[in-house]
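Position in the sequence shown (from 1) plus 1 gives the number in our numbering.
Here a beta-carbon is modelled for each residue, glycine too, at the ideal position from N, C-alpha and C.
In what follows, a structure is listed as structure tokens, so that the remarks can point back to it.
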Amino acid sequence: MSSSKSNAFVADIVDLVVSSWKILAVCILVAVAAAVVYVWRATPLYAVKMQVRPGITAFDETGKEIRSWNVGDVMDFFRQDAYRAFLPDAGRSTGKTLSLYPAQGRSATTVTLTLYHPDPTEGVRLLQQFYDNVLHHYQTSGKEPLIAVSTKKIQERIQSVEGLLNHVDAVERPTLEGEIQGRRAEITAKSRVLEALEKRIQDMAGMRADAQLFSVLLDHEKTAEALRSAIAEEKRMIDSLTLARDALAMKKRRLEAEKALEQQKLAALVPLEQVVPPAASAFPVRPKVKWHLVGAVLAGGFAGLLLGVVLRERRLRASALR
């Protein structure tokens with residue numbers, strides 16, 4: 002386009018704006034008024050966001066996590082509306098069907114889900130309930146093969162650990178306690194015999210010594226020494242059994258920790274893992290007043306210019322016919 006034609010075009014636009022400024026002003030005012038009415042009557046909506054990522058679907062033999070889903074699978078899950086089966090009932094809080102809007106994070110490892118709702122507290126509850134529904138479904142339905150296999154293996158390990166815990170409480174501890182009590186009773190009985198024997202030895206020591214008395218006294222001494230050795234051995238066995246009984250508490254804590262770890266693994270099995278829990282925006286984000294007003298001004302200005310062109314063309318045609 003030559004310089005003269007460009008200047009003529011600009012002059013023509015300026016002339017159009019000057020000649021139809023009233024129409025332009027009216028169209029802009031009408032559009033702005035319509036935008037104001039829409040914003041005034043529209044229900045303010047809060048943005049409730051939750052961040053998720055591909056979850057753990059299995060564990061290998063070393064306990065390392067396996068994530069069979071990727072971020073693309075998570076995005077497809079929401080794009081294909083597969084998630085709607087897990088949306089809770091919104092009740093009367095909103096007349097519209099709930100929808101979630103996924104957005105892939107900058108790190109390419111997470112997905113941010115957004116729910117727009119007029120009540121921020123209710124929106125947080127609904128989004129958390131949605132995630133809980135997904136979690137429950139995939140942990141109980143067996144629809145995800147890797148999760149189903151891993152769940153069965155982990156449950157079997159938990160049952161095995163529970164069996165060992167029950168064996169500690171029902172068999173090992175009572176057996177040790179019974180043996181300890183039995184040996185204590187044995188010590189008590191032998192101590193009474195030893196006490197009576199020592200008293201007899203003491204009484205015999207004051208008697209008139211002869212060969213027969215010396216022989217009996219020697220036998221009593223041997224018997225008393227044997228009793229002392231037996232009592233000492235019983236005490237050593239009690240100490241050993243007590244250590245074994247006390248070690249059961251450590252064994253039980255280790256088994257309980259192992260059980261807790263397996264339960265954590267079981268709870269972690271879900272294709273969708275919650276990274277950041279739901280949180281609502283501090284202020285409504287919809288409708289966007291600024292953008293509605295800017296759009297109204299632009300739309301009104303375009304409509305005014307278009308109407309001005311139409312009216313000018315009509316005037317030019319009418320002048321040409323005269």
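Please report the Cβ distance between residue i and residue j, rounded to the nearest whole angstrom; I am assuming they are in contact, meaning their Cβ atoms lie under 8 Å.
i	j	result
R139	P285	With the sequence shown as reference, residue 139 is identified as Tyr, and Arg is not the correct amino acid for it. About 34 Å; that fails the 8 Å criterion.
V112	M76	6 Å
E173	I202	About 42 Å; that fails the 8 Å criterion.
T115	L101	7 Å
P89	N134	7 Å
V162	K260	5 Å
A300	A32	5 Å
D61	I67	6 Å
I239	R193	That belief does not hold up - the Cβ atoms of I239 and R193 are roughly 17 Å apart, past 8 Å.
Considering just the uninterrupted stretch of the beta strand (DSSP E) at residue i, what are its terminal residues?
i	result
A1	With the chain covering 2 to 323 only, the question about residue 1 has no answer from this structure.
A48	47 to 55
E274	273 to 281
N112	Here the sequence assigns Val to residue 112, which means Asn is not the residue at that position. Note, V112: beta strand (DSSP E), 112 to 118.
P103	102 to 105
Looking only at its chain, what residues have a beta carbon closer than 7 Å to the beta carbon of residue i, apart from the 5 residues adjacent to it on each side?
i	result
L46	Y117, H118, P119, P285, V286, R287
G96	Low per-residue confidence applies at G96: pLDDT is 44, beneath 50, and the placement is therefore not dependable enough to give any value.
R158	E263
Q105	V72, M76, V112
T243	I181
E199	A225
F78	Y84
T110	R54, V72
Just reading off the alpha helix (DSSP H) that residue i is part of, what are its end residues?
i	result
L228	212 to 269
T176	174 to 206
A149	146 to 168
P1	There is no way to answer for residue 1, as the model of the chain reaches only from 2 to 323.
V75	72 to 80
Note down, in chain order, each residue of its chain lying with its Cβ closer than 6 Å to the Cβ of residue i, except the 5 sequence neighbours on either side.
i	result
P279	V49, M51, V125, L128, Q129
A281	Y47, V49, P121, G124, V125
K154	none
T44	P119
M205	L218
S69	T58, L147
L136	V271
Output needed for residue i: all residues of its chain with C-beta closer than 8 Å, excluding positions within five of it in sequence on either side, in chain order.
i	result
Q156	L267
R246	R174, L177, E178, I181
S94	No answer about S94 holds up, because its pLDDT of 47 lies below 50 and its placement is not dependable.
L166	K253, L256, E257, K260
Using a Cβ-Cβ distance cut-off of 8 Å, determine whether residue i contacts chain D.
i	result
V295	The chain labelled as chain D is not found in the depicted structure, where only one protein chain is given.
Consider the C-beta atom of residue i and the heavy atoms of the ligand NAD; say whether any pair is separated by less than 7 Å.
i	result
L242	No copy of the ligand NAD occurs in the structure displayed, which carries no ligand at all.
At least 3 beta-carbon pairs within less than 8 Å: the segment 75 to 87 vs the segment 147 to 157 = no
Please determine if the segment 249 to 268 and the segment 211 to 220 are in contact, where contact requires at least 3 C-beta pairs separated by less than 8 Å.
-> no
Do the segment 186 to 193 and the segment 222 to 239 make contact, defined as three or more Cβ pairs closer than 8 Å?
-> yes
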